[in-house]
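Per the working numbering: the sequence shown ends with 265, consecutive numbering throughout. Glycine included, C-beta positions come from ideal geometry on N, C-alpha and C. None of the values given here were measured: they were computed from a predicted structure. First comes the structure, then the notes that go with it.
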Amino acid sequence: MKPWHPEHARDDGPTDNGHGIAVDDLRLIRDQFVDFMLGYKFAIDEVTTKINILREDFNNTHEYNPIEHVGSRLKSPESVLEKVRRKNYAMNLTSIRENVLDIAGVRVVCSFISDIATIKQMLASQADITVLEERDYITHRKPNGYQSLHLIVSIPVFRSDRTERIPVEIQIRTIAMDFWASLEHKIYYKYRGEVPPNLRSDLAQAAEVATQLDEQMEALHRQVDRGPQPSRRRADSLDLGVLYRSLTADHPVQLRPGDLPL
Ligand code: 0O2
């Protein structure tokens, strides 16, 4: 199958759809694009699984969960093509793969500022993850007040007939940063990018308040961490029943009497 490129479109033949592209070529373009986008969906699945594993493992090992919630989005084909046009990138799949690095997006929202570095480190140190780019909008807050750590990583996706390395944008931020960003996003779209000056300055002030809240919460968290620790339940009487039920909670297994001595 030839890779998709507008030059491959023909303007001849009885199947011409009136726009100079044969219907068969349009079908080929559509199928190749769907297959291309599927790779990004799989990449989101892979990264989300990695984060969920980290969350559960960290919680088990440190009795603390740094991840509040995880979200993801696949850019719509329309906004991928709009970005290609706006940025003047070549309109072919190789160019889109190389240039549009936020088709797959995963957002990790955590409790404290220090969790951001922890999560970044846990992801970046995985052997199959390559960090391509880092944008630190926390150290260098955007002029409108936006704060978040953005990592562009690439991960292998094992398809049925090949392995692809797919870029994924991972945004890591605190609850306060996320709250601010989602409100700003709504305001930005409501005013179609032309946010009135009074709202802009209120937003900048709110970002400042969010930073102060994050710093206070971090300080409180440190104090609590330094304080007396609740004694951990001794693991000398391992309750296999509890262990088994917690491991199979998401994947119930039908057991027959006598299968396991629980
Ligand atoms: P959505 O709705 O998430 O799809 P680039 O062209 O890639 O070099 P870009 O895309 O501006 O530059 O990259 P950047 O700055 O890293 O931003 C990528 C994403 O971060 C955006 O994606 C937003 O999700 C988020 N973001 C960046 N700046 C802001 C901001 O000022 N306010 C809010 N609320 N979010 C921001 P999309 O594709 O624009 O949007």
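Check                                                                                                                                       : Outcome
Quick check on G196: buried or exposed, where buried means 16 or more other Cβ atoms within 10 Å of its Cβ?                                 : exposed
Do T177 and I116 count as a contact pair if the criterion is CB distance below 8 Å?                                                         : yes
Let me know the beta strand (DSSP E) ranges lying completely inside the region 71-133, each 3 residues or longer, listed in chain order.    : 107-113
Less than 7 Å between C-beta atoms, sequence neighbours within five positions excluded: which residues of the same chain meet that for F39? : L96
Along the chain, where does the beta strand (DSSP E) containing V227 start, and where does it finish?                                       : It is not in any beta strand (DSSP E) - V227 instead sits in the alpha helix (DSSP H) that spans P200 to R229.
Let me check understanding here. Comparing Cα to Cα, which of I132, I119, L206 and G230 lies closest to D217?                               : I119
In terms of residues, what are the limits of the beta strand (DSSP E) holding Q174?                                                         : T166 to T177
In three-state DSSP terms, what is L143?                                                                                                    : In the sequence on display, residue 143 carries His and not Leu. If DSSP states are grouped into helix, strand and coil, H143 belongs with coil.
In the DSSP assignment, what residue or residues form a beta bridge with P69?                                                               : According to DSSP, P69 bridges with nothing at all.
Run the CB neighbour count on A252, radius 10 Å, all protein chains shown included, and call it buried at 16 or more, exposed below.        : exposed
Which partner residues of E49 appear in the DSSP bridge assignment?                                                                         : In DSSP, E49 forms no bridge with anything.
In three-state terms, what does DSSP make of A25?                                                                                           : strand
Can you tell me where the beta strand (DSSP E) holding V157 begins and where it ends?                                                       : Reading the sequence as shown, one finds Ser at residue 157 and not Val. Where S157 is concerned, the enclosing beta strand (DSSP E) stretches over L152 to F161.
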